[in-house]
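Below is one structure, written out as structure tokens; the observations come after it.
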Amino acid sequence: MANSKYEYVKREFEFHRHLPASNWIVVLIDGCHFHRFSELHAFEKPNDERALRLMNACATSMLEKFPDIVFAYGVSDEYSFVFREKTEFHKRRERHVIYLFTSSLGILGYCHTQIYLNNSIIKSHHVIDLSTNICSKIISLCVSYFTSVYGMKWKDFFPNDFKETPYFDGRVVCYPNIKTIRDYLAWRQVDCHINNQYNTCFWALVKSGKTEKEAHQALKGTFSKDKNKLLLQQFQVNYNDEPAVFRKGSSVYRDKVKTDDCGNPIKRTREAITVSSFDLIGPEFWENHQYILGEASDYLCLGGKEKYGYEYVKKFDDIHRLPYSNWTIVRISACQFDQFSLIHSFDKPNDETALRLMNACASLMMEQFPDIIFGYGFDNEYSFVFQEKTELYQRDERLIISSCISCFTSFYMMRWKEYFPGKELVQSPHFQVEVFCYPEPRIVCDYLSWRQSECHNRNQYTTCFWMLVKSGEGENKAKEILKDTLPKDKNELLFQRFQMNYNNEPAMFRKGSCAYRQKVEASEDERWDVAVAHVDMGPQFWAKHSYVFDRR
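Numbering follows my numbering, with no gaps: position 167 of the sequence shown is 569.
Put into structure tokens, the structure is as follows:
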């Protein structure tokens, strides 16, 4: 990390919280604006089997990627992932959030992000936590990876390219015991049944000649038995004969395999990821699969529960909104990018094409979210500054976080071929999030200066490192040579050993990239386009671009 005077923006105000131990964590991922997305891509109504199989394939990849996911349940454009009770996934870290505390107010620090926990007040040097309902590393990783896999697997199910960027929001829910987990999954399956039965009737009426308004009116006030009767009498459709995946949704879990491909019993059982459509409300499935949740053999869902009596689980919800009159920064950084860059043969120490791809994604983010007033990026990270009075998603932190990371991931996937036409994307890129909130532009500028200082230090080191490696030194030897060296030592090394003046390296490598809107002077109507520049973000820059913080 760069040792600069600007580090206080992280050091003094960052606060890590962890999800409570001995709680089941559920991550719910849900499509954003999927009604429009499904229309643009001509999904079949009321259900598109290809789209559902794509979602199931993404869920299967999630279980392969994250071994602590023990069960997943999906319907339509949503999927819930249950992590095992004692998971230490990212040390159960709830989030990376920056809090700033003033004398009179606690200033609280993107496929919507929700964490359901007990409210508490926790104070620690410039920190006050008024709600534990904060964005998490867990949610950012899950939503980003799910989005990435959705893009990677799209062509396996649909022949045409995307016409619009798909993205998702997410929630993290904590439940204290197996009963509430079972009730949560039952609630989602009940919701699946109610929505699918309605949609099946609705689209049958529309396809028979009624307008959508007339179809809604015909179904108004009807009960489940009325809809079944309507389907049978008017369309000769027995609802119970509809595919189970439409009526019951999809369950994904690791099943114990006891026979080989030929049906012969095997001595040592193994686990294989299975997709099925079983009834999760009654006891039979859970009796036969007790190993999934690790529940005691005598724990069964007793009969007699009131029908559709599972919605109490929604009471765990607790919306957290970002504080008003604060500038919010969402910083997105890539996960396991050393491996990703190696697999895709990125140039070292800097791949200019990869950096231009990141800048293109940043520009698209500013077009997608007009309340982003500034972006700064280098290497595999980008920070986005939202205007002080943003009302994006009514300042719901979870929606902002998860939507941002999902959008950025999707943009990266969609623009890949444009920048790397000769390279196939062979591994899913995914990202994580940190959130910062500051009460005045001065601290926002210091935050950006801190990131630019980090850019300089990191790039100077990696430039020296890779020059040494390319000259024949081993990687361990190169690290030893650079150990405890100061910036002037690295400059001297580059100049004396490689006749390289570090200051002549491309500004994009040394200074990073600034993305901001600037007025197009030649246009008749006032128009502001996104510009990308590689400059020092010192006093002169901000004096020239003071409108960045003032423009609404």
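Just so it is clear, CB atoms sit at the ideal spot from N, CA and C, and this is done for glycine as well.
- Nearest Cα to E836 within the set E799, K615, Y821 and C434: E799.
- Going by DSSP, S873 is part of no alpha helix (DSSP H) at all; its letter is neither H nor E.
- In the DSSP assignment, V429 forms a beta bridge with F483 and V574.
- Between the alpha carbons of Y778 and S610 lies a distance of about 54 Å.
- Here A674 is exposed, its C-beta having fewer than 16 other C-beta atoms within 10 Å.
- Each of T462, K631, I668 and V677 was checked against the Cα of K650, and the nearest Cα belongs to V677.
- Three or more Cβ pairs drawn from the segment 766-783 and the segment 732-750 lie within less than 8 Å of each other, which places the two stretches in contact.
- In this structure, P831 lies away from A762, with their beta-carbon atoms at least 8 Å apart.
- The beta-carbon separation of S808 and Y569, rounded to 4 Å, stays under the 8 Å limit for a contact.
- N598 and Y655 have their C-alpha atoms roughly 23 Å apart.
- Annotation for D450: S440 place their beta carbon closer than 8 Å to its own, counting only its chain and skipping 5 residues before and after.
- For the pair Y821 and D753, the Cα-to-Cα distance works out to about 11 Å.
- Taking all protein chains shown into account, F813 has 16 or more neighbouring C-beta atoms within 10 Å of its C-beta and is therefore buried.
- Excluding sequence positions up to five before and after E466, its CB lies within less than 8 Å of the CB of I675, all in the same chain and listed in chain order.
- When only Cα atoms are considered, Q619 and L607 end up about 11 Å apart.
- By DSSP's assignment, Y949 forms no beta bridge with any residue.
- Boundaries of the beta strand (DSSP E) around G476: I471 to V477.
- In this structure, C806 lies near I734, with their beta-carbon atoms less than 8 Å apart.
- Listed in chain order, the non-local C-beta contacts of L442 below 8 Å within the same chain comprise K565 and E566, local neighbours out to five positions each way being set aside.
- If you check the CB distance, S550 and M815 come in under 8 Å.
- Going by DSSP, V608 is part of the alpha helix (DSSP H) stretching over I580 to K609.
- Assignment of beta-bridge partners to Y918 by DSSP yields F776 and A933.
- With a cutoff of 8 Å on beta-carbon distance, F680 and W729 are scored as not near each other.
- Cβ contact annotation for R723 (same chain, cutoff 8 Å, sequence separation greater than five): Q796, R797, D798 and E799, in chain order.
- A check of alpha carbon separations from G623 across Y600, Q635 and N640 identifies Y600 as the nearest.
- In the structure shown, D927 adopts coil according to DSSP, grouped into three states.
- Collapsing the DSSP output to three states places D938 in coil.
- The Cβ atoms of M910 and L766 lie no closer than 8 Å to each other.
- Going by DSSP, T730 is part of the beta strand (DSSP E) stretching over W729 to A736.
- Counted as a single uninterrupted DSSP element, the beta strand (DSSP E) harbouring E783 occupies residues E783 to F788.
- Here the alpha carbons of V477 and C594 stand approximately 6 Å from one another.
- Residue pairing by DSSP puts F838 in a beta bridge opposite I731.
- Excluding the 5 residues flanking it on each side, T755 has same chain C-beta neighbours closer than 7 Å at Y821 and F822, in chain order.
- The Cβ atoms of I580 and V484 do not sit closer than 8 Å to each other.
- With 16 or more neighbouring CB atoms inside 10 Å of its own CB, N458 falls in the buried class.
- Going by DSSP, H618 is part of the alpha helix (DSSP H) stretching over E614 to L621.
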